[in-house]
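Quick note on numbering: the first sequence equals residues 293 to 1054 in my numbering. For glycine and all other residues, C-beta sits at the position ideal for the given N, C-alpha and C. Bear in mind that the values here come from a model prediction, so they are computed numbers and not experimental data. Remarks on the structure that follows.
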Amino acid sequence: MGGRITGYTANLACGNYHSVIGYSKATGPAICVAILKAYKKCFQNLYYVEQLEDPAIALALAVQTTSRLYSTSAAISLNSQIAWYARAGQIENARRVFDEMGEKNIASWNAIIAGYFQNNQPREASLLFDKMPERNTVSWNGLISGYVKNGMVSEARKIFDMMSERNVISWTAMVRGYVQEGMIEEAESLFWQMPEKNVVSWTVMLGGLLQEGRVDDARRLFDMMPEKDVVARTNMIGGYCQQGRLAEAREIFDEMPHRNVITWTTMISGYAQNQHVDVARKLFEVMPEKNDVSWTAMLTGYAQCGRIDEALELFDAMPVKSIIACNEIILLLGQRGEVAKARQVFEQMKDKDDGIWSAMIKVYERKGFELEALSMFVRMQREGVGLNFSSSISILSVCASLASLDYGKQVHAQLVVSQFDHDVYVASVLTTMYVKCGDLVKAKQIFDRFSLKDVVMWNSMITGYAQHGLGDEALNIFHDMSSSGVPPDDVTFVGVLLACSYSGKVKQGIEFFESMKCKYQVEPAIEHYACMVDLLGRAGQLDEAMNLIESMPMEADAIIWGALLGACRIHMNLDLAEVAAQKLSQLEPKNSGPYVLLSCMYASRGRWGDAASVRKKIRARGVGKSPGCSWIEVEKKVHMFSCGGSEGHSEQPVIMKMLEKLGGLLREAGYCPDGSFVLHDVDEEEKTHSLGYHSEKLAVAYGLLKLPEGTPIRVMKNLRVCGDCHSAIKLIAKITGREVILRDANRFHHFKDGVCSCRDYW
DNA sequence: ATAGGGTTAG
């Protein structure tokens, strides 16, 4: 029987799985487990074999498959069952087997203790260790490695010192512990003290040096090794690859007597990560055996150098789609804007980790599918998936752009529980969220709690104050930032310039703009020019603004022309407005907004002929408003408005579909639209108002009028309020005597008694 | 089999 076990091991190592199965004629319980492992490798494209978490099911499968061929009966020992359950993360089941078993030997105790360590319960493990009737070296070593796994190196060292008889494994585990904590000197000194070393100990030390980036030291150690096996060589290859020293890596690779999957994968990923994807692909094609890790390595190689089509092709061909590969593909598809496809990959995954959820949410957030992102968040809550660092940041950004304070607070609460809120970056995003939702007090509270602020933190507060027109407060923060020693970056100056712009500090703004380059070494980017155009324009210096646009080192974009157009509206400069509107219509052919605005300007001057000719231009281009819908949130009740659709209601079904979808999302998100749903088809409105009303905004205004008296109106989706809508809301605020706070893409508008208090509204 | 080493991502 012993001989057969050796045969099995050798065959397993060489990948001759069918030979392994051939040995099962004379099988015992231990062998049966081995067969299963062989099966797992052999049938790796059978997903359920990979998924076996229950030894009972695994056993049934083994008996079924093997007995069909060789009439095998088998059992898995109770000790193995303990380990099996523990590996699968089912520590309760492991404990049940342990508690129910009649006679426990040392191995049973060792197994359950190791299980608790694996499942990150070091305290329970050490309690059990104290209760053990007798201990052997395996028990002591298990304790060392258990503590190391849980990052408790000093505890491990105590045990190590306490042991009366240490073997190579005890020493190696301890060295590994120091390596893991980056305590490389301690690791080295212990390593050289070892009374006896084997390949594994050498490899652990080698890995430690490589982890520190000391490749040449590692190579010296490597050359000193009395024997080198696959693992040691693979380790060395990986080290060279990480430094981009591919030639040296390849030399070791070529000289190796045996290579396994991991060796090949290491080499392939080395090439892929160093801009040699095609070389990697050639190796990938010839490698004798691939697993999902090799496929994933190849895939990420393509992904990282932007060869998306090849990455997708590889993904489709993958027999087992690893979580990592799915993650990569979801992000890639997202970048490409193929959001629905990304969602499909997401839904098809059998088990999702928290990273996958954040990837999907990130895609939605980046691509502007805010409601979908929120709906994913709600689904996460329902399925008990906690927020992690990345998903909480995405959700907070979504809350910020929807001005959804309710969800924002929910996320905040969870961040407090998980203590992620101690992180400066998270806190910065949190601050931004409160700012965008209009809660400046809360934002400032969070901001003040951090004594060590980073740039992002400073920026979010400066920009926050600036966006609310609190120029002096913003500049005060900038002043504090300067004295704190954190150097400002490009974002800081966007905030500073905005602050100057919104509070009319023209001279100061120009000074900041000039000093950012010479004093702070921040090169002005297009955003800064946009701020300056805005600043000069608002102040009525339209020619200066135009001169700046013409002298810019880069081509002006839609934001810049939009800023100029806005300024023209304030100061009624029709000539420049024509220029700006024309540029805008070139840059954004589908956006009819600029021409609508222009026609309004002519109309307000009584120049009906010009207004009509501009509207003709809009029609000639065939641009209608794209169908869309918008919602407002009033005391947890949702009011929805449809808008757009070209003339003749041709897109009405599309809109209705969108509304249905939106309604589903909102219902799922915990709103109760039934009974408080207001659907407005605004095309009707549009007919009665001959001039270019922005129907969506008008719908909102109309909706406000219909709200029950005394209803507090808090926050809206970020609408861009255009002139006509503005007067409508103003009028309604006067009629109803109700206070309305409305968030624009740029700032807050405050309507009371028919007066709007936002300073620089055009 | 119960203790020690290597590969894929944010």
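Distance check between Ala-692 and each of Met-668, Lys-728 and Lys-489 places Lys-728 closest, using alpha-carbon atoms only. Annotation: the segment 566-634 contains the following complete segments of the alpha helix (DSSP H) (minimum length 4 residues), in chain order: 569-578, 584-596, 600-609 and 615-627. Closest by C-alpha distance to Glu-657, out of Thr-558, Arg-551 and Gly-626, is Gly-626. Secondary-structure assignment with DSSP links Lys-441 through no beta bridge to anything. Bounds of the alpha helix (DSSP H) holding Glu-477 are 476-485.
No Cβ-Cβ contact shorter than 8 Å links Ala-510 with Gly-530. By the Cβ-count criterion, Tyr-470 is buried, with 16 or more other Cβ atoms from all chains shown falling within 10 Å of its own Cβ. Taken in chain order, the complete alpha helix (DSSP H) segments of 4 or more residues contained in the segment 483-529 are 491-503 and 507-516.
With a beta-carbon spacing of about 19 Å, Tyr-726 and Gly-763 fall beyond the 8 Å limit used to define contacts.
Gln-565 sits buried, since 16 or more C-beta atoms from the chains shown fall within 10 Å of its C-beta. Annotation: Leu-889 to Gln-800 spans about 30 Å, alpha carbon to alpha carbon. The segment 618-633 and the segment 594-601 touch, with no fewer than 3 CB-CB distances between them shorter than 8 Å. For Phe-805, the uninterrupted alpha helix (DSSP H) segment begins and ends at 798-810. Less than 8 Å separates the beta-carbon of Val-496 from that of Arg-468.
For the segment 846-887, there is no continuous beta strand (DSSP E) assignment of 3+ residues that stays within its boundaries.
The three-state secondary structure of Met-844, taken from DSSP, is coil.
Residue state for Gly-536 is assigned as coil, using DSSP reduced to three classes.
Its chain contains Asp-902 and Ala-903 as the residues whose beta carbon lies nearer than 6 Å to that of Tyr-894, once the 5 sequence neighbours on both sides are disregarded; these appear in chain order. Between Ala-632 and Met-652, the gap from beta carbon to beta carbon reaches 8 Å or more. Apart from the 5 residues on each side of it in sequence, Ala-837 sits with its Cβ closer than 7 Å to the Cβ of Val-825, Leu-828, Gly-829, Leu-856 and Ala-859 in its chain, given in chain order. Around the beta carbon of Glu-488, a 10 Å sphere encloses fewer than 16 other beta carbons of the protein chains shown; the residue is thus reported as exposed. Counting only unbroken stretches of 4 or more residues, the alpha helix (DSSP H) elements lying wholly within the segment 710-770 are 716-728, 732-741 and 747-759, in sequence order.
Assignment of Lys-396 by DSSP, reduced to helix, strand and coil, places it in the coil class. Scanning Ala-791, Trp-494, Gln-535 and Asp-521 for the CA closest to the CA of Asp-508 turns up Gln-535. With contacts defined as CB atoms closer than 8 Å, Leu-370 and Val-389 qualify as a contacting pair.
Going by DSSP, Gln-813 is part of no alpha helix (DSSP H) at all; its letter is neither H nor E.
Short of 6 Å from the beta carbon of Ala-417, and not among the five residues preceding or following it, lie these beta carbons of its own chain, in chain order: Ile-405, Tyr-408, Phe-409 and Gly-438. In this structure, the CA atom of Thr-588 is about 7 Å from the CA atom of Ile-616. The Cβ atoms of Val-786 and Thr-755 lie closer than 8 Å to each other. The beta carbon of Asn-680 sits closer than 7 Å to the beta carbons of Asp-646 and Ser-650 from its chain, once the five residues preceding and following it are set aside; these are given in chain order.
Counting along the chain, the unbroken alpha helix (DSSP H) around Lys-423 starts and ends at 414-423. Within a 10 Å sphere around the beta-carbon of Gln-759 sit 16 or more other beta-carbons, which makes this residue buried.
Assignment of Asp-643 by DSSP, reduced to helix, strand and coil, places it in the coil class. For Leu-827, the three-state secondary structure derived from DSSP is helix. One thing to note: Met-753 has its Cβ within 8 Å of the Cβ of Thr-723.
Of the residues assessed, Gln-373 falls on the buried side of the cut-off, its CB having 16 or more other CB atoms within 10 angstroms.
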